[in-house]
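*Asks:* Just add 529 to wherever you are in the sequence shown, counting from 1, and you've got the working numbering.
Cβ coordinates follow ideal geometry from the N, Cα and C atoms, glycine included.
The structure is given below, and queries will be raised subsequently.
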Amino acid sequence: MRRAIALAVENVRSGRGGPFAAVVVRGDEVLGEGTNLVVFTNDPSAHAEVLAVRAACSKLKHFQLSGCEIYTSCEPCPMCLGLIYWSRPDKVYYATTAEDAAAISFDDLRIYREFQSPPVARSIHMVQMLRDEGLAAFRAWQEKPDKIAY
């Protein structure tokens, strides 16, 4: 955890990004590290957890992190929390809370509220279209004999 906190502080001081960092470990081995680089890279997905998980999965040559732990300087945002569930680490440790982040203008509450709203009531308009045609991809997946479930 101290490594994640140190990376977060250095990230702010370097001017590269926000006050967030994450480290993925398995046992005593660091598999991946990441810091928030959203503004630096003009990539809204460049959150610390995303970059750390990508690095760890690349090193492991696998899309899941079973047997691993994630140390993150702040409680994960909704995007990162989804990523964490998809990557399946054994445990996540965090230092600061979502409330702490909201106090310095990193407020995820709006996103959580949007998730609870039906698509037609969200602030970003969501319109379903071509469902029947879109189901062709799902049928192809169901018929694929060598698919890898995730």
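For the beta strand (DSSP E) that contains A550, what are its first and last residues?
*Replies:* Segment 550-555, the beta strand (DSSP E) holding A550.
*Asks:* Rounded to whole angstroms, what is the Cα-Cα separation between F569 and G561?
*Replies:* Answer to the nearest angstrom: the Cα atoms are 19 angstroms apart.
*Asks:* Closer than 8 angstroms by C-beta to R583: which residues in its own chain qualify, once you throw out the five before and the five after it? Chain order, please.
*Replies:* Cβ within range, chain order: G561, G563.
*Asks:* Out of curiosity, what's the CA-to-CA distance linking E604 and A627?
*Replies:* So the two alpha carbons sit approximately 6 angstroms from each other.
*Asks:* Less than 7 angstroms between the C-beta atoms of I599 and V567, yes or no?
*Replies:* In this structure, V567 does not lie closer than 7 angstroms to I599 by Cβ.
*Asks:* Taking the Cβ atom as the reference point for each residue, do A550 and A575 lie within a distance shorter than 7 angstroms?
*Replies:* No. Outside cutoff.
*Asks:* So A581 packs on C597, CB below 8 angstroms; how close in whole Å?
*Replies:* The pair is not a contact, with the Cβ atoms about 10 angstroms apart (cut-off 8 angstroms).
*Asks:* For L659, does the three-state DSSP call read helix, strand or coil?
*Replies:* Coil at L659, not helix or strand.
*Asks:* A650 to C606, Cα distance in whole Å?
*Replies:* Answer to the nearest angstrom: the Cα atoms are 22 angstroms apart.
*Asks:* What are the partner residues of C603, as DSSP defines its beta bridges?
*Replies:* T625, per the DSSP bridge assignment.
*Asks:* With DSSP run on the structure shown, which of helix, strand or coil describes G547?
*Replies:* DSSP places G547 in coil when its eight states are reduced to three.
*Asks:* Under 8 angstroms Cβ to Cβ from K620, same chain only, skipping five residues before and after it: list those, please.
*Replies:* If we look at K620 and ignore the five residues flanking it on each side, its Cβ neighbours are E598, I599.
*Asks:* Given this structure, state the Cα-to-Cα distance separating A678 from Y641, to the nearest angstrom.
*Replies:* Approximately 28 angstroms between the Cα atoms of the pair.
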